[in-house]
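Counting from 1 along the sequence shown, just add 193 to a position and that's the residue number in the numbering used here. Here the structure comes first, spelled out in structure tokens, and everything after it is commentary.
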Amino acid sequence: MLLDPYKRKINYLRISVTDRCNLRCRYCMPEEGIPLISHQDILTYEEILRIVRVFATEGISKVRLTGGEPLVRKGIVDFISRLSQIREIKDLSLTTNGLLLKDLAEVLKQAGLKRVNISLDSLRKDRFLEITRRDGFGQVWAGIEEALRVGLSPIKINMVAIKGLNDDEVESFAQLTLHLPLTIRFIEYMPSGNGEEWKESDILTIPQIQSRLQKVGELIPIPSDQWDGPAKRFRIEGATGEIGLIGAVSSHFCGDCNRLRLTPDGKIRTCLFSDEEIDVREILRTGGIDQDIKERLLVALEAKPERHLINTHLFKKCQRNMSAIGG
Ligand code: SAM
């Protein structure tokens, strides 16, 4: 079992398999994209598998693939199928923008993927284009339908609510849960990324979201289970689906943090909002043995901060873009 210095049990690895993305969400990236990590610096699938095997023997049992956009990386389905054969990994999931999901959902399920989180910030075709700079709403919605059909569930839809951009859609998103088996998760806008400038005043806070949700129906709390992340779970009375609230900025969920991150170029990150990185790629490419990989994991564990520093004078926006960390 992996315990950090604050006695938190760390069992979750979030792997960013690429920094490439096929959307250009305004709050995440500029229109022209960001400088990319060179191909030779990106971990091969073989290298990622080796890291996961070592981590899994130490206590990592939950893996999520993210990016950039994980589904744009060539060979992702075969990689997932190999990852799913690692016996200790009990939960294997993926975060995607959904653009390529319609064609891939079925093969992903067959490869052993358990479930997907799909990022979607608007239910309006024109606004989707405005936010992502790509005309892809229909494609994403078809991807959600296909994920439902093949049973990549529970399917969670992540919506970042930003004042003046899409905050008037909170109620429409919540209404989706009335008849569809979807979990709609509202996420506070975080100070990260190379997109349009983040302003604290643009955050629609969880208490503000909650008061809007009350207009759709009474929110009934649901007890969290072992796979729940930082989301507080609710169900609108009589609804088929669920609501999740993630107060990344306004509340402190760090006490329950169970995760480490692996960047596309092989660095372990101890917190989304800390630039502390521990290099594992170097070990892999200089003939290191599994014990050396394990030692890097233990260094990362020791370095895990007690909490993020947003809302304190010590906070610095992190150097890496969200697309190269994995959101
Ligand atoms: N391409 C995949 C996707 O769209 O889900 C995975 C990577 S993306 C960086 C992961 C998540 O980070 C998305 O849900 C995105 O909305 C979120 N994200 C990016 N910048 C953010 C910010 N400043 N605040 C909150 N969420 C953010």
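Backbone N, C-alpha and C define an ideal beta-carbon position, used for all residues, glycine too.
Item, Value
"Assuming contact is defined by CB atoms lying nearer than 8 Å, are Ile208 and Val256 in contact in what I supplied?", "yes"
"Please list, in chain order, all residues of the same chain as Arg405 whose beta carbon is under 7 Å from its beta carbon, the five residues on each side excluded.", "Val363, Glu364"
"Could you work out which residue in Leu316, Arg452, Asp472 is closest to Phe466 when comparing CA atoms only?", "Arg452"
"Is it true that the CB of Pro423 sits closer than 8 Å to the CB of Cys464?", "no"
"Could you tell me if the beta carbon of Gly305 falls within a distance shorter than 7 Å of some heavy atom in the ligand SAM?", "no"
"Distance check for Arg266 and Gly459, CA to CA, integer angstroms please.", "16 Å"
"Does the beta-carbon of Thr522 have 16 or more other beta-carbons within 10 angstroms, so that it is buried, or is it exposed?", "Outside the modelled stretch of the chain, which goes from 194 to 520, sits residue 522, for which no answer is possible."
"Going by DSSP in three states, Asp328 sits in which element: helix, strand or coil?", "coil"
"Following a CB-centred definition, is Asn359 positioned closer than 7 Å to any heavy atom of the ligand SAM?", "no"
"Please report the Cβ distance between Cys214 and Glu262, rounded to the nearest whole angstrom; I am assuming they are in contact, meaning their Cβ atoms lie under 8 Å.", "4 Å"
"Can you say whether Leu491 is buried or exposed, counting buried as having 16 or more other CB atoms within 10 angstroms of its CB?", "exposed"
"Determine the extent of the beta strand (DSSP E) in which Tyr205 is found, giving its start and end residues.", "205-209"
"Is Ile380 near the ligand SAM, with its Cβ less than 7 Å from a heavy atom?", "yes"
"What are the boundary residues of the alpha helix (DSSP H) that includes Ser365?", "363-372"
"So, with DSSP's three-state summary, where would you put Ser312?", "strand"
"Any idea what DSSP makes of Pro400, helix, strand or coil?", "helix"
"Would the C-beta of Thr211 count as close to the ligand SAM, meaning under 7 Å from any of its heavy atoms?", "no"
"Could you check whether the stretch 223-230 touches the stretch 271-280, counting it as contact only if at least three pairs of C-beta atoms, one from each stretch, sit closer than 8 Å?", "no"
"In the DSSP output, what is Arg452 paired with across the bridge?", "Tyr205"
"Within the same chain, show all residues whose beta-carbon is closer than 8 Å to that of Ile273, passing over the 5 residues directly before and after it, in chain order.", "Leu258, Leu285, Leu287, Leu301, Ala304, Gly305, Leu306"
"So which of Ser385, Thr398, Leu371, Asp319 has the shortest CA-CA distance to Phe379?", "Thr398"
"Report all residues from its chain with a CB closer than 6 Å to the CB of Lys425; omit the five preceding and five following residues, and keep chain order.", "Leu438"
"Classify Leu196 as helix, strand or coil using the three-state DSSP reduction.", "strand"
"Do three or more CB pairs link the stretch 346-362 to the stretch 327-336 at distances below 8 Å?", "no"
"Is Ser312 near the ligand SAM, going by C-beta to nearest heavy atom under 7 Å?", "yes"
"Just verifying my parser: in three-state terms, what is the DSSP assignment at Ser286?", "strand"
"Check whether the Cβ of Ser144 lies closer than 7 Å to any heavy atom of the ligand SAM, and answer yes or no.", "Since the first residue of the chain shown is 194 and the last is 520, residue 144 is not available in this structure."
"Keeping to the same chain, check which residues put their C-beta closer than 7 Å to that of Ala335; ignore five residues upstream and five downstream.", "Lys295"
"Does DSSP put Leu465 in a helix, in a strand, or in coil?", "coil"
"Please state the DSSP three-state secondary structure of Pro228.", "coil"
"Under three-state DSSP, which class holds Ala354?", "strand"
"Sorry if obvious, but does the Cβ on Gly525 come closer than 7 Å to a heavy atom of the ligand SAM?", "For residue 525 there is no data in the structure shown, the boundaries of the chain being 194 and 520."
"Just mark Tyr199 as buried or exposed, buried being the case when its beta carbon has 16 or more other beta carbons within 10 Å.", "exposed"
"Ordered along the chain, which non-local residues of its own chain (more than five positions away) have a Cβ less than 7 Å from that of Arg500?", "His445, Cys447"
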